[in-house]
Amino acid sequence: MKWVDNHVEVEPPKRTKKMTGTRLGAVLGANTWNTPFKVWCEMTKTYEDPFVDSIYTIAGKTIEPKQIQYMIDMYGMDNLKTPTDIFGADFFNKTHGDFFNFHKIFGGMWDSVLMDGDTYEAVLEFKTTKRAEDWADDKIPEYYALQAALYAYLLEVEDVIMVCSFLKEADYQNPEKFKPSVDNTVTRSFKLHERYPNFEGLIEQATAFWNNFVLTGKSPDYDTVKDAEVLKALKTTYVDEDADLELLTSEARDLYVKLNVAKEQFKADEDRLDDLKKAIKAKLSEKLTDGKTMADYGNWHLTRKAGRPSFDTEAMKADGVYEKYMKPAKPTDTLTFKED
Numbered sequence: 001m002k003w004v005d006n007h008v009e010v011e012p013p014k015r016t017k018k019m020t021g022t023r024l025g026a027v028l029g030a031n032t033w034n035t036p037f038k039v040w041c042e043m044t045k046t047y048e049d050p051f052v053d054s055i056y057t058i059a060g061k062t063i064e065p066k067q068i069q070y071m072i073d074m075y076g077m078d079n080l081k082t083p084t085d086i087f088g089a090d091f092f093n094k095t096h097g098d099f100f101n102f103h104k105i106f107g108g109m110w111d112s113v114l115m116d117g118d119t120y121e122a123v124l125e126f127k128t129t130k131r132a133e134d135w136a137d138d139k140i141p142e143y144y145a146l147q148a149a150l151y152a153y154l155l156e157v158e159d160v161i162m163v164c165s166f167l168k169e170a171d172y173q174n175p176e177k178f179k180p181s182v183d184n185t186v187t188r189s190f191k192l193h194e195r196y197p198n199f200e201g202l203i204e205q206a207t208a209f210w211n212n213f214v215l216t217g218k219s220p221d222y223d224t225v226k227d228a229e230v231l232k233a234l235k236t237t238y239v240d241e242d243a244d245l246e247l248l249t250s251e252a253r254d255l256y257v258k259l260n261v262a263k264e265q266f267k268a269d270e271d272r273l274d275d276l277k278k279a280i281k282a283k284l285s286e287k288l289t290d291g292k293t294m295a296d297y298g299n300w301h302l303t304r305k306a307g308r309p310s311f312d313t314e315a316m317k318a319d320g321v322y323e324k325y326m327k328p329a330k331p332t333d334t335l336t337f338k339e340d
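Take the sequence shown: its letter number 204 is residue 204 in this note's numbering, and every next letter is one higher.
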């Protein structure tokens with residue numbers, strides 16, 4: 001990784017991650033909780049926050065089936081289909097988390113769809129939140145609307161239905177007890193090209209982001225405030241090869257001393273372990289008879305491999321063929337640390 005001005009550059013991976021509905025809003029600058037730089041890190045596999053279930057994600061996964069049943073019962077949506085209905089019980093592994101394998105750039109997973117036979121009619125997205133104010137006055141948070149709009153666009157349908165349940169703190173502690181109703185759950189619907197008359201233009205912007213940044217490995221500019229946590233993680237994970245030599249050697253020296261102090265503390269144990277390993281190896285070697293090449297005992301496993309042939313260099317020199325087939329040695333650089 002190279003740090004250049006206010007962006008970074010990496011070697012793009014052979015297989016990048018696709019631009020999902022949740023990433024589209026950030027790429028278009030419509031997500032206050034995510035940034036184009038962070039999304040670029042995810043898609044280029046440069047860095048991604050480790051996923052850890054929280055009370056919010058657990059509540060969402062627990063309540064979504066209840067919301068689906070609520071829509072079926074409340075609106076008679078007998079033609080509502082879930083990913084399990086379309087792809088089977090093991091749909092995530094079957095699809096690798098992407099329901100749009102026909103598209104090179106865009107992908108993701110919709111929550112549910114309405115279907116007429118084999119024809120898609122509408123996309124449904126289900127959300128849970130404690131921020132009811134974000135949905136007041138028939139509003140839909142823009143990054144959620146863009147997420148559903150992308151899936152509608154990829155499925156070539158116009159109708160989008162957003163379903164959001166408003167949770168209280170007690171609901172996060174016991175999501176299995178939550179029951180969607182008209183008092184705590186709202187629906188918001190829109191038509192793709194009525195809300196976004198030029199959605200194709202947004203797709204072009206996102207495609208340009210893909211071509212200019214994801215495929216090249218050159219990131220968009222980062223924001224030192226909004227991207228502070230990601231930048232901290234990157235500087236911890238990657239060595240800045242363009243950094244001043246004094247900074248590189250200073251950090252390396254501290255780590256060298258730290259590791260050597262730890263090594264010295266366990267030197268007696270390491271020496272004892274080496275002796276034990278030699279004895280175990282000798283005992284297991286005795287079991288390699290009658291052409292056997294493997295022997296096990298507990299956690300220890302011994303494998304015997306055929307040796308490599310050696311050459312009589314003196315005889316080769318005497319026959320005058322040594323210099324004829326000898327390859328010149330390549331120079332090697334050896335880095336050492338001089339103890340204080």
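A virtual CB, placed ideally from N, CA and C, is assigned to each residue, including glycine.
Around aspartate 221, the same chain offers Asn6, His7 as residues with beta carbons nearer than 6 angstroms, after the five sequence neighbours per side are excluded.
Counting C-beta pairs closer than 8 angstroms gives fewer than three between the stretch 196 to 210 and the stretch 85 to 95, which falls short of the contact rule.
Alanine 148 carries a helical assignment under DSSP once its states are collapsed to helix, strand and coil.
Under the Cβ criterion (8 angstroms, minimum of three pairs), the stretch 160 to 175 counts as touching the stretch 133 to 150. In this chain, lysine 330 is not harboured by any beta strand (DSSP E), its DSSP state being neither H nor E. Inter-segment contact for the stretch 247 to 254 and the stretch 78 to 92 is absent: fewer than three beta-carbon pairs are separated by less than 8 angstroms. A check of alpha carbon separations from proline 13 across Thr35, Cys41, Val4, Thr22 identifies Cys41 as the nearest.
Only exposed fits lysine 139, as fewer than 16 other CB atoms lie within 10 angstroms of its CB.
When rounded, the separation of the alpha-carbon atoms in threonine 35 and glycine 25 is 9 angstroms. In this structure, valine 214 sits near methionine 43, with a CB-CB distance shorter than 8 angstroms.
Looking at the DSSP output, isoleucine 86 shares a beta bridge with no other residue. The Cβ-Cβ distance between valine 123 and alanine 148 falls below 8 angstroms. The criterion of a C-beta distance shorter than 8 angstroms is satisfied by tyrosine 56 and tyrosine 172.
Scanning its chain for C-beta atoms nearer than 6 angstroms, with the 5 sequence neighbours on each side dropped, one finds around alanine 233 the residues Tyr47, in chain order. Inclusion of serine 285 and leucine 302 in the CB contact set at 8 angstroms is warranted, their separation being smaller than that value.
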